[in-house]
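Trainee:
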Amino acid sequence: MFKKGFTTLAIFSTVIAVGQTYTPTDAGSKVRFVIKNFGINTGGTFDGLSGSITFDRSTLATASFNVSVEAKTVDTDIEARDNHLRKAEYFDVEKYPRISFKSTKVTTTNREGYLYLYGIITIKNVSKEISFPFTHKDKDGGILFEGEFTLNRRDFGVGGKSFSVSDDLSVELSIFARKN
């Protein structure tokens, strides 16, 4: 009897220690990029969020983010440009349908209200380490995570050398995740 009670307690403790599990949703979320084209900021968004997030403010060691978007959902409000971005030279959405991020750790920062997220982003089967500060707040029974980072598009083979389009772009995340 003692062994059975101890096993139940151990399983329960493990579930609590791991944190709450959340699912990112398109509703209430925005994955946006901004890049200079002829010196003017232009941008777009991605949809098709999926994955899972394990998060508990009190146990950051167990936090994990495994999230992706559908590359074919790129939307710049110009259909011809969107179709061009879906081709092999840019996102090659037929061969690489998802853009993904998998965290490696979450840490505290010295900036009030911010945490720091480390992980691997994969675009067109090229993976790079990134890190960036983010915030989190309770919202509508879930959590809203917000952060921003910079990427060099050429590191991932997205587009070639260009006179008009900048190599660097900013990615702005506002990810709403519902509790499972």
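Going by this note's numbering, the sequence shown opens with residue -4, and the numbers climb by one from there. Glycine residues also receive a C-beta, built at the ideal position from the N, C-alpha and C atoms.
1. Where does G46 land, buried or exposed, given buried means 16+ other C-beta within 10 angstroms?
2. Could you pull the start and end residues of the beta strand (DSSP E) that N61 belongs to?
3. Measuring from the CB of K156, is there a heavy atom of the ligand SAM at a distance below 7 Å?
4. Contact between the region 26 to 42 and the region 63 to 73: three or more CB pairs below 8 Å?
5. Does the Cβ of G14 have 16 or more other Cβ atoms within 10 Å, making it buried, or fewer, making it exposed?
6. Mark G136 as exposed unless 16 or more other C-beta atoms lie within 10 angstroms of its C-beta, in which case mark it buried.
7. So T37 and T49 are in contact, right, with Cβ under 8 Å, and what is the actual spacing, rounded?
8. Using the C-alpha atoms, what's the distance from E84 back to V153?
9. On the criterion of 16 or more Cβ atoms from any shown chain inside 10 Å, does R148 qualify as buried, or is it exposed?
10. What residue range is occupied by the uninterrupted beta strand (DSSP E) comprising N147?
11. So, for F96: in the same chain, excluding its five sequence neighbours on each side, which residues have a beta-carbon less than 6 Å away from its beta-carbon?
12. Compute the Euclidean distance between the alpha carbons of E74 and F86, then round it to the nearest angstrom.
13. Taking buried to mean at least 16 other C-beta atoms within 10 Å of its own C-beta, is A22 buried or exposed?
14. Taking just the CA atoms, how far does L112 sit from I138?
Mentor: According to the structure shown:
1. As a first step, residue 46 is located in the sequence shown; it is residue number 51 there, counting from the start. So G46 ends up on the buried side.
2. Along the sequence shown, read from residue 1 onward, the residue named residue 61 stands at position 66. First-last of the beta strand (DSSP E) with N61: S59 to E65.
3. As for the ligand SAM, it is missing from this structure, which has no ligand bound.
4. yes
5. For the purposes of this step, residue 14 is identified with residue 19 of the sequence shown, where counting begins at 1. Under this definition G14 is a buried residue.
6. Walking along the sequence shown from the start, residue 136 turns up at place 141. Exposed, because fewer than 16 other Cβ atoms sit within 10 Å of the Cβ of G136.
7. Counting from one through the sequence shown, the residue named residue 37 turns up at place 42. Counting from one through the sequence shown, the residue named residue 49 turns up at place 54. With a Cβ gap of about 35 Å, T37 and T49 do not count as contacting.
8. Here residue 153 corresponds to residue number 158 of the sequence shown, with the count starting at 1. Here residue 84 corresponds to residue number 89 of the sequence shown, with the count starting at 1. Rounded to whole angstroms, V153 to E84 spans 6 Å at the Cα level.
9. Mapped onto the sequence shown, residue 148 falls at position 153. R148 should be labelled buried.
10. As a working mapping, residue 147 is identified with position 152 in the sequence shown. From DSSP, the beta strand (DSSP E) with N147 extends over G137 to N147.
11. Within the sequence shown, the letter at position 101 stands for residue 96. So the qualifying residues of the chain are V62, G114 and I116.
12. Here residue 74 is taken as the residue at index 79 of the sequence shown, counted from 1. Here residue 86 is taken as the residue at index 91 of the sequence shown, counted from 1. If you take the alpha carbons of E74 and F86, they lie about 15 Å apart.
13. Here residue 22 refers to the residue found at position 27 when the sequence shown is read from its first residue. Under this definition A22 is an exposed residue.
14. Walking along the sequence shown from the start, residue 138 turns up at place 143. Walking along the sequence shown from the start, residue 112 turns up at place 117. One C-alpha to the other measures close to 16 Å.
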